[in-house]
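Right, one structure below, let's go through it.
Structural data, given as structure tokens:
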């Protein structure tokens with residue numbers, strides 16, 4: 035039987051590939067509860083603001099910004115885990 039860490043590791047690695055980040059934007063409690071990778075979208079939003087200059091007034095939605103900055107594949111990944 036796989037542990038929760040083993041189950042969510044592939045999604046975590048995929049996230050790192052799309053966003054070129056070692057930061058973990060995972061909701062730890064929800065991931066443990068559901069045994070699936072659960073994204074902390076607020077942490078991702080904060081990271082985009084702090085490290086990539088995301089501004090809702092200039093860039094529109096976070097989805098628009100992710101597509102512009104990281105590509106449609108990154109947005110599709112986010113949508114697949116939400």
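Residue numbers (the numbering used here): 35 to 116. Cβ coordinates follow ideal geometry from the N, Cα and C atoms, glycine included.
Contact check for residue 50 against residue 115 fails: the beta carbons are separated by 9 Å or more.
In terms of Cα proximity to residue 87, the closest of 77, 76, 99 is 99.
Only residues of its own chain outside the window of five on either side were considered, and among them 52, 53, 100, 101 have a CB closer than 8 Å to the CB of residue 108, listed in chain order. Burial state of residue 42 is buried, judged by a 10 Å Cβ sphere holding 16 or more other Cβ atoms. Beta-bridge partners of residue 73 (DSSP): 60.
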